[in-house]
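Under the working numbering, the first residue of the sequence shown carries the number -17, and numbering increases by one thereafter. Right, one structure below, let's go through it.
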Amino acid sequence: MAKTLGFIADRFIAAGYAPVVTGRDRLGDNLLRLELESPDFTTATTTPGDSFAIMFSRNDFRHYTPAVLDRGTGRLTVIVGLHGNGPGEDVVLGLSVGDELPMMKWANRRNFVFDDGPAPIVVIGDATVIGLAMAFRDRIGASGRGFRAILEVPAADVAATAELVPGADVQAVGDTPGAAILTHLAAASFTDGSVFYLAGHGQSIQQQRTVLREVHSVPRKAIRTQPFWATGKVGL
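Have a look at this one:
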């Protein structure tokens, strides 16, 4: 879990949103879908790659990805990965419909910006990337632009993930996390000119990038990366 100084956090929260929990559904064994509603969401905009922070104490927060924003209803969908002892997990599991959940406004990091051009998009990552893949798919919609998601999740969550991201190549995690995606990537073929978004586990991103560069000759500028977590670190 990331940390910040209390007085700085107070300022961000004061300028943020205070949505109410209107839905809380357990999906698979390790996934939770939260539905949050706020009048502010009816005029808000979001871009694939955005993230926001939920405060779990005055100094501790965790980042999440907006999956789908329905401005008509003012509803935001968020997919939460459950790890058994993850940062803030007890707070999220304790949420009930009607609870208020203060959050910072979402923002996008410059090196992970949605490419609005015609190039096909490929999103690659673990269970923490499900919401991101949903956001990309929702944005591209029925435009005819190519979209592909390659995700590695616990075996018990494969079916739920496939429902959340229709058409995704969903791999079950094996004995070595990240290995299933690497095998899949090495044997896969991709449309020339595709833009790749690699997110999730930091060390796995490095390996995926190497496969794309060395096996598929993908140009550096066509690969965008955003680690959400890393082995040995509490939060990023």
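C-beta atoms are modelled at their ideal positions from N, C-alpha and C, and glycine is treated no differently.
Contact between the stretch 69 to 85 and the stretch 104 to 118 is absent: fewer than three C-beta pairs spanning the two stretches fall below 8 angstroms. Assigned with DSSP and collapsed to three states, G107 falls in strand.
Scanning G128, G149, A150 and F38 for the CA closest to the CA of S176 turns up G128. Within the same chain, I132 come within 6 angstroms of D151 by CB-CB distance, once the 5 residues on both sides are set aside. DSSP places F94 within a helical segment (H, G or I) once states are collapsed to three. DSSP places A161 in the helix class (H, G or I) of the three-state scheme.
Counting C-beta pairs closer than 8 angstroms gives three or more between the stretch 176 to 190 and the stretch 97 to 107, which meets the contact rule. Per DSSP, E19 is one residue of the beta strand (DSSP E) stretching across L13 to E19. Assigned with DSSP and collapsed to three states, G113 falls in helix. Taken through DSSP and simplified to helix, strand or coil, F43 comes out as strand.
Within the stretch 180 to 217, the complete beta strand (DSSP E) runs of at least 3 residues fall at 205 to 211. Per the DSSP secondary-structure output, D52 pairs in a beta bridge with R57.
For the set A137, D32 and E71, the Cα lying nearest the Cα of R121 is the one of D32. D108 sits away from H45, with the two beta carbons spaced by 8 angstroms or more. Around the beta-carbon of D139, 16 or more other beta-carbon atoms lie within 10 Å, marking it buried.
When only Cα atoms are considered, T59 and A89 end up about 16 angstroms apart. Of the residues A117, F210 and L13, the one whose Cα lies closest to the Cα of A141 is L13.
Distance between G70 and H166, taken at the CA atoms: about 32 angstroms. I106 has its alpha-carbon roughly 15 angstroms from the corresponding atom of A169.
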